[in-house]
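Take any residue in the sequence shown, note its place counting from 1, add 41, and you have its number in the working numbering.
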Amino acid sequence: MDRAVVFATTPATSGFRDGLGARRHITDPSGKNTLELLCLRSELSTVPSFEFALRERVSRLAAFRHPQFSPARSVERSSDIESTLALVSERVLQGVRLSDLLASAEQRRLVFDITAALCLIRQLVSAVGALHESARDVAHGAIGPERLVVTNDGQLMIVEYGLGAALEQLRYPRERYWTELRVALPSSAGLPRFDQRGDVTQIGVVALSLILGRPIRDEEYPARIADVVASACAVSPRGGLEPLSQSLRGWLGRALQLDGRTSFTTAADAAVELDKVLGEGQYVATPANLAAFLARYHGTGSDVTPYPPLPIATAVSSTPTPPRGTRALVSSGFDPDAMTPALGIPRPAFATLTPSRGTPIPTPLMASVGASAACADPVTPPRGTPPLASSRTPGPMPIPSPTLQFQSFADAVTEPTPVIERTPSRGMPRPLIPAAGLLSPARPLVPAPKPVASVENDYEETPERQWPKLAAAAVVLVALMTAAAFAGKREPMPAEAATTGTLSIQTNPSGAQASVDGRPRGVTPLTLELAAGPHKVELKGPAGSRIIPVTIAAGTRLAQYLELPQPDSGVPVAGWVVVTSPIELQLFENDRLLGSSRSDRIMVLAGRHDVDLVNQELGYRSTRTVEVAAGAVAPIAVEIPLGLIAVNASPWAEVWIDGTKAGETPIGNLSLPIGTHEVVFRHPDFSEERQAAVVTLKDVARLSVEFKKP
């Protein structure tokens, strides 16, 4: 049965969806294996050369095998309503997409510490390094949390690794690749390139996401990624926030290509430096911590008990006397570690949490400074709870200064006691909430005895004696509000106003030495971040230099393209391109024909060229980037992809293709390099038959002979 028919008729279940398309899960014709179809969006698959590039790359990687890569089987036509093309891969059955895991962990506030993150980062760098070593010009091209799966036993699996060459055919700007497809790419002078350097950039984005414990947001990449790295903190195994070490922060910057002079170019380079970072001893990649996190993730499920609504702090204009039974802890030396359950004390208490390093501060205490604040929403008591009888009803007492007032829960609940939830959370601190079963009168829980200042009877004192204690409580609350505003935030606060801008410089020819304000900054093409204001840019080429003044506006991007003086006529300004290929190829640049691979060499201007290699008859098309030096020859070696051929004979025959025995007929879907092949049929009772077969990427080549006696 034809595979396209199988995919059209086999029931499919819906799965993950992202900017590339939707995933469908089907069973193969044997009924034994579950496959995953990435049904690519029609906007992508209808782009010219997209399908060819995808088929070529999947065919080329057909022999690549690695335990952390889910094999891509083929590219097929799809009957999906939203797609006409599908990438067929083996499905990872027991696992979750890393993007879903990070988003769910952030929403459920599951702690993902640095040791667990480094386990996955190390696996990713090692696996991508193996892919890069298989061929120098092979890259995944679309590494991201959406294309990574974490199995239940903590193994990181890489899926959909044949997309890079096809996505390059879209010719999107760098920002569009990120916002629409969640594909991160390094900056470049021209269109983005899907090479091994791009894979390293994508590894950096995944690593930063794992360290932060959340996905990178659209607005953070690429514009603010340097700020995110500079302010990133890691969650220690103990649960506190700690700044990254200088070596790990530097590794992230080199992976994210923040400085083109020191950035990693391959995953192997990144792996060597990561081992050095781990070798310092400050960080340890601990599989046990990763296993513990996955156990919490899968064990908790999606039925997480939500926190109760937070009390709303409101400003009040009058200062009624606090009810009897109200207790506030105003000791500045209060230790939250002393909060242990105790029985038999019937009154509720409000706990003041002293900020400590690494412990998120509850944020519900935000109120307007300079106004009195009160907890406006009392907790609703459980059904059947008897009301608490009040022995006296105090009247209001005027106080000639602002007063900090606490509203007691005594009128609504008999014996609730708030406890401090000390489990650290990522990205958002937990509020102060009652523990499970706390509202039951049979199990009152209160803080262990500790010397604190009580204001239970302050309403009986004179205003002059009451004011110092209330002022102390106000000072403590303001300090908590300030600490909560800073400690409760994981991401850096946005800058009030940008003070720098971006300058992009391109020259013809490229490779000019660039200096800004007398300071060397590298060679063109390059992108610089400069302080707002006027600058002097000097460019030195092989035949002279140019000085141009530029003015950088804060928060903007300025692009400069300059034609540098050409060398003297005696100096060569052109080079040659030589193509080595077993099939004839035509060379195009910007849809302009440069020549054919039959030529000994093709003359082009010195510099960088994006060359399209095309054979329309065989359905072959690929793009190569080559740097041509003046007076030199730049070689381009082409590896021909495989096509399919089906061979049959009546009666049967032995088949020899290009002098090598291929088997006996019938032979179906035999893989051969595209091009012309000589096929010989031999039968003991008949004379030998020779045929020429042309294998293409367009369709399966079919060849059949019928032996006849003379």
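We put the beta carbon where it would ideally sit given N, CA and C, even for glycine.
- Same chain only: Cβ atoms within 7 Å of V564, ignoring 5 sequence neighbours per side: G552, A553, Q554, A555
- Query: What do you reckon, are the CB atoms on G729 and V746 nearer than 8 Å?
  - Reply: The question names Gly, yet the displayed sequence has Glu at residue 729. Contact flag unset, no.
- Message: Quick check: V721 and L744, are their CB atoms within less than 8 Å of each other?
- Response: no
- Determine the direct distance from the alpha carbon of L139 to that of E766, and round the result to whole angstroms. Shown here, the chain extends from 42 to 751; a query on residue 766 therefore has no answer.
- Item | Which residues DSSP lists as bridging F727, in chain order | H724
- DSSP on G411, reduced to helix/strand/coil? Any reading at G411 is ruled out, since the residue's pLDDT is 38, under 50, leaving its predicted position unreliable.
- In or out: Q148 buried (at least 16 other Cβ within 10 Å) or exposed? exposed
- Closest Cα partner of V137 within the set A168, L61, L81, A336: A336
- Compute the Euclidean distance between the alpha carbons of V292 and Q196, then round it to the nearest angstrom. Per the sequence presented here, residue 292 reads as Trp, with Val not at that position. Their backbone Cα atoms lie some 23 Å apart in a straight line.
- Tell me, which residues are paired with K577 by DSSP? P590
- Item | Where the alpha helix (DSSP H) containing R98 begins and where it ends | 91–101
- Do you know offhand how far A273's Cα is from E261's? 13 Å
- Query: If we count the other Cβ atoms within 10 Å of its Cβ and call it buried at 16 or more, is S343 buried or exposed?
  - Reply: With a pLDDT of 40 at S343, under the threshold of 50, the modelled position of this residue cannot be trusted, and the question is left open.
- Task: Measure the alpha-carbon distance for H107 versus A168 and round it to whole angstroms.
- Result: Rounded to the nearest angstrom, the two C-alpha atoms are 8 Å apart.
- Task: Could you tell me whether the Cβ atoms of S286 and R295 are closer together than 8 Å?
- Result: Contact flag unset, no.
- Going by beta carbon distance, what residues of the same chain come within less than 7 Å of S250, once the five residues before and after it are set aside? L143, P186, P256, I257
- Query: Going by DSSP, what residues sit across from I708 in a beta bridge?
  - Reply: V688
- Message: Below 8 Å on the Cβ atoms is my contact criterion, and I expect L654 with L628 to pass it. Report the Cβ-Cβ distance as a whole number of Å.
- Response: 6 Å
- Between the Cα of A206 and those of P89, P550, V741, spot the shortest distance and give me the residue it belongs to. P89
- From what residue to what residue does the beta strand (DSSP E) around Q547 run? 541–549
- Item | Limits of the unbroken alpha helix (DSSP H) element including L165 | 155–175
- So what does I643 bridge to, in DSSP terms? V618
- Message: Tell me the residue span of the beta strand (DSSP E) that contains E572.
- Response: Reading off the sequence shown, one finds Ala at residue 572, where the question assumed Glu. In this chain, the beta strand (DSSP E) harbouring A572 covers 567–572.
- Task: Take the Cβ of Q135 as the centre, count every other Cβ of all protein chains shown within 10 Å, and call the residue buried at 16 or more, exposed below.
- Result: exposed
- Task: Return the residue from the list A694, T664, V618 that minimises the CA-CA distance to R98.
- Result: T664
- Determine the closest residue to E658 out of T220, A742, R587, with distance taken between C-alpha atoms. A742
- Task: Determine, using beta carbons only, whether T242 and L315 come nearer to each other than 8 Å.
- Result: No, they are not a contact pair.
- Assuming E131 contacts R150 under a Cβ cut-off of 8 Å, what Cβ separation, rounded to an integer in Å, is found between them? No, E131 and R150 are not in contact; Cβ-Cβ is about 34 Å, not under 8 Å.
- Task: Give the single residue among I681, I677, H650 whose Cα lies nearest to the Cα of E668.
- Result: H650
- Task: Going by CA-CA distance only, name the one from C80, S145, W697 that's closest to V129.
- Result: C80
- Got a sec, what are the start and stop residues for the alpha helix (DSSP H) W693 sits in? W693 -> no alpha helix (DSSP H), and no H or E assigned at all.
- What does DSSP give as the partner residues of I677 in its beta bridges? Partner(s): V620.
- Query: Per DSSP, what kind of secondary structure is L285 in: helix, strand or coil?
  - Reply: coil
- With distances taken between CB atoms, is the gap from I715 to I593 smaller than 8 Å? no
- Who are the Cβ neighbours of F57 in its own chain at under 6 Å, not counting the five residues just before and after it? R64, R138
- Query: So, helix, strand or coil for S83, using DSSP?
  - Reply: helix
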